[in-house]
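Structure first, commentary second.
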Amino acid sequence: MTVCIDNAQHPLIIDSGAHCSIVARNYLDTHFPNWEKQLLPTKAKNFKSASGKMTSIGTIIKEIIIPHRKGNIRLNPEFVVLNDAHIQGFLLGTDYQRMYGIDIYNSKNRHITIGTNKEKKFSLDIYQISSQDPLEELLKEFREGQFSTTLTSKQKLSLLKMLRKNRPAFAIGEEPLGKIKGHDIKLYLDVERPYPPMLRRPPYPASLETRKELTNISMGTWTWMSSERLDTMK
-17 MTVCIDNAQH
-7 PLIIDSGAHC
3 SIVARNYLDT
13 HFPNWEKQLL
23 PTKAKNFKSA
33 SGKMTSIGTI
43 IKEIIIPHRK
53 GNIRLNPEFV
63 VLNDAHIQGF
73 LLGTDYQRMY
83 GIDIYNSKNR
93 HITIGTNKEK
103 KFSLDIYQIS
113 SQDPLEELLK
123 EFREGQFSTT
133 LTSKQKLSLL
143 KMLRKNRPAF
153 AIGEEPLGKI
163 KGHDIKLYLD
173 VERPYPPMLR
183 RPPYPASLET
193 RKELTNISMG
203 TWTWMSSERL
213 DTMK
């Protein structure tokens, strides 16, 4: 259903299978430029969904106005901001459905009621999951990897496009980007004589200045002397 938030229209998804209300970070980045100033801390960090684990970065409170010809309804739910969710809109879970007494009726004309007034009906549309979000499609390929929380949605999309373009460098076959499994690497090191060229350091003649400096050098119990010094000692 369509609701009013901050003087603009936004989708509100009423999900009877979600235990908490959530909103995706990328949706806030797109529609609420200064949303991070309203971010509140949260104790819960990890959430599980059908597509895997998701990480929260805090919560945000938004006033929702649900329009009705007989009088609008105002709600003030607190949404968990998920860093890796891809929902186009706000999702109202069962936590606030119970708090506000929201009942869902799946009759011929789908609708909800709020509170004790069962005669005041709000029409409810079926939310169609869209696969047109390019970031969501690319993230399916990168499901084994993780992003820095400092990246914006635009930066993530740019990075994922680069990874897809250079896929052979980051994945093998049909494996997901960012993680290569089950490939052992054997390294052979030749330590027997003759040594490989890169392990041998060929001798080279010292310069005249170096020879003068190395006339007599003591190294612990050993003493190095030049051939000229040895000749004088004979």
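The numbers in my numbering rise by one with no breaks, and the one at position 100 of the sequence shown is 82.
From the three backbone atoms N, C-alpha and C, an ideal C-beta is built for every residue, glycine too.
This structure is a prediction, so every number in the text was calculated from the model and none was measured.
Excluding its 5 nearest sequence neighbours in each direction, Gly40 has C-beta neighbours in its own chain below 7 angstroms: Leu21, Leu22, Pro23, Thr24 and Val63, listed in chain order. The beta carbons of Ile(-13) and Trp17 sit no closer together than 9 angstroms. For Tyr87, no alpha helix (DSSP H) segment is defined; the enclosing uninterrupted segment is the beta strand (DSSP E) at Ile84 to Tyr87.
Among the bridge pairs identified by DSSP, Ile(-13) is matched with Ala(-10).
The beta carbon of Ser135 lies closer than 8 angstroms to those of Arg7, Asn8, Asp11, Thr12 and Leu117 in the same chain, with the five residues before and after it left out. As for any alpha helix (DSSP H) of minimum length 4 sitting wholly inside the region -10 to 25, the runs are 7 to 13, ordered along the chain. Selection Tyr78, Ser(-2), Asn65 and Leu73 evaluated against Thr132 yields Asn65 as nearest (Cα-Cα). Residue environment: Ser105 is assigned as exposed (fewer than 16 neighbouring CB atoms within 10 Å of its CB, all protein chains considered).
Taking a 10 Å sphere around the C-beta of Lys147, we find fewer than 16 other C-beta atoms and assign the residue as exposed. CA-CA distance, His50 to Ala67, rounds to 30 angstroms. The C-beta separation of Leu57 from Ala0 comes to about 16 angstroms, leaving the pair out of contact by the 8 angstroms criterion.
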